Every structure is written in structure tokens, then in C-alpha cells.
Amino acid sequence: MRPLDAKKDHYRKMAREQGYRSRAAYKLKELNKAYRIIGAGFTVLDLGCAPGSWMQVAASAAGNRGTVLGVDLEYAEELNHAESMRGDVEDESLAETVAERLGRADAVICDLSPQVSGNWSVDHARQISLNYAAARIMGRVLAPKGNAVFKVFDGEYAAEFREHMGHMFSKTKSTKPQASRKQSSELYLVCLGFRG
Ligand SMILES: C[S@@+](CC[C@H](N)C(=O)[O-])C[C@H]1O[C@@H](n2cnc3c(N)ncnc32)[C@H](O)[C@@H]1O
Numbered sequence: 001m002r003p004l005d006a007k008k009d010h011y012r013k014m015a016r017e018q019g020y021r022s023r024a025a026y027k028l029k030e031l032n033k034a035y036r037i038i039g040a041g042f043t044v045l046d047l048g049c050a051p052g053s054w055m056q057v058a059a060s061a062a063g064n065r066g067t068v069l070g071v072d073l074e075y076a077e078e079l080n081h082a083e084s085m086r087g088d089v090e091d092e093s094l095a096e097t098v099a100e101r102l103g104r105a106d107a108v109i110c111d112l113s114p115q116v117s118g119n120w121s122v123d124h125a126r127q128i129s130l131n132y133a134a135a136r137i138m139g140r141v142l143a144p145k146g147n148a149v150f151k152v153f154d155g156e157y158a159a160e161f162r163e164h165m166g167h168m169f170s171k172t173k174s175t176k177p178q179a180s181r182k183q184s185s186e187l188y189l190v191c192l193g194f195r196g
């Protein structure tokens, strides 16, 4: 078995054994351990939440006093302290619906991916465009000093997106968790201390 396959299987297998809905759980676990994006008692908005492994990790990090709202085009099963709703981040009315349902969020986590076409330039541009839509929703609900994390398909528009977010936060950092496949060009942009 090639090392890449071994790594892929390792996280898949662990997710199955530990009851996570997908291997993506380990990316958020790692990011949260390193950057404390979500703390106990946090209200969390999860954009692009299905099937819901980030919801599981966020609900566990936020604990009994916390709450998570997941939004996705697809259905994501709810769990204790984590609700979900169907919604399109590009629908301009979504920010208001989320704000009414959630109030202020202490953290926004965003793992949006478009249906990939296989043409990287197209997929990259589409993913960054989803991120700008998500950032607009974030701007409506995130509390001052709140945190965020965005998946970013790396490419020509990534630096511009990072700069856009950099104006809104005290600190931003691009990072690639161990659980992210080496051959994938995804990065995670961690944003700490929303200026409000
Ligand atoms: C990589 S998956 C998210 C995995 C999730 N973080 C987890 O741990 O289970 C990306 C998600 O983005 C969602 N998505 C793509 N475009 C969207 C849009 N316009 N509005 C809402 N969700 C969208 C997809 O339906 C998909 O479920």
C-alpha cells in the first residue's frame, strides 16, 4: 500500500471506530487543539456542515452549555446541542434567517466545497466565491472577538480572500492539518479575534 493510501485509510478507519460521520472530523479537531477556535459554552455556526462530522466535533468542544447550528444544501442529522437546517450560503436571505435562529455566534466554521468538476481553476474560483458568501453571513452573526475557520482551495484568488479576512480579524493563519490529504490543494484559514 502506498503511504498516501495508508494515511487515508488510517483516518477513515479511525472515524468509523470513533463514531464520526467522516474523516473531516480530524481536521477540525487538530485545528481546534492548535488554535482554540471553539471553547466551552460557545455558540457555533457551521457552514457546509453535511454529513456533520464538524458538527460532532464542535458540539463536543462547546459542551453542554454550547450550541451549534449547521447549514448545508444537504440534510445533516442533528445531535445533542447541534441543530441543522437546509440552506444555500449564496441565498442573500440566509444571513437573516441564521441570525434569527442563532443570535450571535462566538465562532463560525466553514468547510464549503462545490461539486468538483475536475477543472482546478473552475473549482478553485467557485470555492472561493462560496467563501465570500459565507464571509458575508459570518459578518452578520459573529460576535466581536469571535473566531472563524474557512477551508480554502488554494490558487490564484486565495491570497485575495486571505487579505479580505485579514482586515476583519486580529490574526489570520493559513495551515494544512495532518488529516488533510497531502495531494489535495485545500488549506484552512484560521481567523482569530473578529474586529466586529
Ligand atoms: C466537505 S463537505 C463538508 C463536510 C463537513 N464539514 C463534515 O465534517 O461533515 C462540503 C459541503 O459543502 C456543502 N455546500 C456546497 N455548496 C453549498 C452552498 N451553496 N450552500 C450550503 N452548503 C453548500 C456541500 O453540500 C457539502 O456538504
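According to this note's numbering, the stretch in the sequence shown is residues 1 to 196, in order.
Where a beta carbon is used, it is the ideal one built from N, C-alpha and C, also for glycine.
Since this is a predicted model, take the numbers as computed values, not measurements.
Reference residue i; option with closest CA among the options
{"i": "Ala-135", "options": "Glu-77, Arg-162, Glu-78", "result": "Arg-162"}
{"i": "Tyr-26", "options": "Cys-191, Ser-180, Glu-96, Leu-189", "result": "Ser-180"}
{"i": "Gly-87", "options": "Val-71, Ser-93, Cys-191", "result": "Val-71"}
{"i": "Gln-172", "options": "Arg-195, Lys-182, Arg-126, Gly-19", "result": "Strictly speaking, residue 172 in this sequence is Thr, with Gln absent from that position. Comparing Cα positions, the closest option is Arg-195."}
{"i": "Val-108", "options": "His-167, Tyr-35, Ala-159, Ala-148", "result": "Ala-148"}
{"i": "Lys-206", "options": "Glu-100, Glu-92, Val-190", "result": "With the chain covering 1 to 196 only, the question about residue 206 has no answer from this structure."}
{"i": "Ala-58", "options": "Ile-37, Gly-166, His-164", "result": "Ile-37"}
{"i": "Val-122", "options": "Glu-100, Phe-153, Glu-96", "result": "Phe-153"}
beta-carbon residue i near ligand 1 non-hydrogen atom, thresh 8 Å
{"i": "Lys-151", "result": "yes"}
{"i": "Cys-49", "result": "yes"}
{"i": "Met-55", "result": "yes"}
{"i": "Ala-107", "result": "no"}
{"i": "Pro-177", "result": "no"}
{"i": "Val-71", "result": "yes"}
{"i": "Pro-144", "result": "no"}
{"i": "Ser-22", "result": "yes"}
{"i": "Glu-74", "result": "yes"}
{"i": "Glu-156", "result": "no"}
{"i": "Asp-123", "result": "no"}
{"i": "Val-89", "result": "yes"}
{"i": "Leu-28", "result": "yes"}
{"i": "Asp-111", "result": "yes"}
{"i": "Leu-45", "result": "no"}
{"i": "Ala-34", "result": "no"}
Rounded C-alpha distance that separates residue i from residue j
{"i": "Lys-29", "j": "Tyr-157", "result": "27 Å"}
{"i": "Gly-41", "j": "Ala-143", "result": "14 Å"}
{"i": "Arg-2", "j": "Tyr-11", "result": "No answer about Arg-2 holds up, because its pLDDT of 47 lies below 50 and its placement is not dependable."}
{"i": "Met-138", "j": "Leu-187", "result": "19 Å"}
{"i": "Val-98", "j": "Glu-17", "result": "33 Å"}
{"i": "Trp-54", "j": "Ala-34", "result": "16 Å"}
{"i": "Leu-112", "j": "Gly-48", "result": "5 Å"}
{"i": "Gln-127", "j": "Arg-65", "result": "33 Å"}
{"i": "Leu-31", "j": "Arg-23", "result": "14 Å"}
{"i": "Ser-93", "j": "Pro-114", "result": "20 Å"}
{"i": "Ser-60", "j": "Gly-19", "result": "13 Å"}
{"i": "Met-168", "j": "Cys-110", "result": "16 Å"}
Beta-carbon gap between residue i and residue j smaller than 9 Å
{"i": "Ala-82", "j": "Gly-146", "result": "no"}
{"i": "Ser-129", "j": "Gly-155", "result": "no"}
{"i": "Ala-50", "j": "Ala-15", "result": "no"}
{"i": "Gly-52", "j": "Leu-69", "result": "no"}
{"i": "Leu-192", "j": "Ser-174", "result": "no"}
Close Cβ partners of residue i (< 6 Å) along its chain, the five nearest in sequence each way excluded
{"i": "Glu-90", "result": "Ala-133"}
{"i": "Gly-63", "result": "Ala-40"}
{"i": "Ala-197", "result": "It is not possible to answer for residue 197, since the shown part of the chain is limited to 1 through 196."}
Neighbourhood of residue i by C-beta distance below 8 Å, restricted to the same chain and skipping five residues each side
{"i": "Asp-102", "result": "Before going on, a small fix: residue 102 reads as Leu here, not Asp. Closer than 8 Å at Cβ, skipping near neighbours: Thr-43, Leu-45, Thr-67, Leu-69, Val-141."}
{"i": "Leu-4", "result": "Any reading at Leu-4 is ruled out, since the residue's pLDDT is 49, under 50, leaving its predicted position unreliable."}
{"i": "Gln-178", "result": "Tyr-26, Glu-30"}
Cutoff 7 Å; reference residue i; Cβ partners in own chain excluding five residues on either side
{"i": "Asp-9", "result": "none"}
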